[in-house]
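This report refers to the structure that appears directly beneath it.
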């Protein structure tokens, strides 16, 4: 067997294995992911407050540091962190809160990640009277 033939067979076998892993419906990876929910507005202690949620799948067992941020989406400038919280979790949901102050419309999104992993973020949502 030539080197070229062996290499093409290994590439095909590796591609097939990747396809099986990508479409396997019951893998732990699919259920142990981080999610960032679109922020919502709540009235907490009589104050208009933005709340964002970051969560980790129910099948996660290893404890890791989960960071959740509320960030202001600024078109021509770097996004501004409005609030941040961190907690070591194996699974569950973590909330972050920002008290609105001032007038104007603010575009905000939630960003969440595990220590050492790539962040995920929700779509941005505009909020009035929260400048």
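Numbering (the numbering used here), first residue to last: 1 to 131.
Using N, Cα and C, we set each Cβ at its ideal position, and we do this for glycine too.
Rounded separation between residue i and residue j - CA only
i	j	result
residue 83	residue 37	15 Å
residue 73	residue 85	18 Å
residue 92	residue 56	5 Å
residue 116	residue 89	14 Å
residue 105	residue 125	10 Å
residue 62	residue 103	43 Å
residue 46	residue 107	22 Å
residue 114	residue 76	27 Å
residue 112	residue 78	17 Å
Endpoints, the beta strand (DSSP E) within which residue i is located
i	result
residue 104	Element bounds for residue 104: n/a, residue is neither H nor E.
Beta-ladder partner(s) of residue i, from DSSP
i	result
residue 84	69
residue 35	55
residue 116	BP columns for residue 116 are empty, so no partner.
residue 40	51
residue 95	53
Residue-chain proximity (residue i, chain D), Cβ-Cβ < 8 Å
i	result
residue 71	The structure shown contains no chain D, having only a single protein chain.
Chain-order list of residues whose beta-carbon lies under 8 Å from that of residue i (same chain, five-residue window excluded)
i	result
residue 41	48, 49, 50, 51, 100, 127, 130
residue 80	71, 72, 74
residue 110	36, 37, 38, 39, 52, 53, 54, 68, 69, 70, 71, 96, 121, 122
residue 87	65, 66, 94
residue 43	49
6 Å Cβ shell around residue i - same chain, five flanking residues per side excluded
i	result
residue 98	50, 70, 82, 83
residue 33	57
residue 133	For residue 133 there is no data in the structure shown, the boundaries of the chain being 1 and 131.
residue 119	111, 113
Contact test: residue i Cβ vs the ligand GTP heavy atom, cutoff 7 Å
i	result
residue 96	The ligand GTP is absent from the structure shown, which contains no ligand whatsoever.
Where residue i falls: helix, strand or coil (DSSP)
i	result
residue 75	coil
residue 126	strand
Neighbourhood of residue i by C-beta distance below 7 Å, restricted to the same chain and skipping five residues each side
i	result
residue 12	Only weak support is given to the placement of residue 12: the predicted model assigns it a pLDDT of 46, under 50, and the question is left unresolved by the model.
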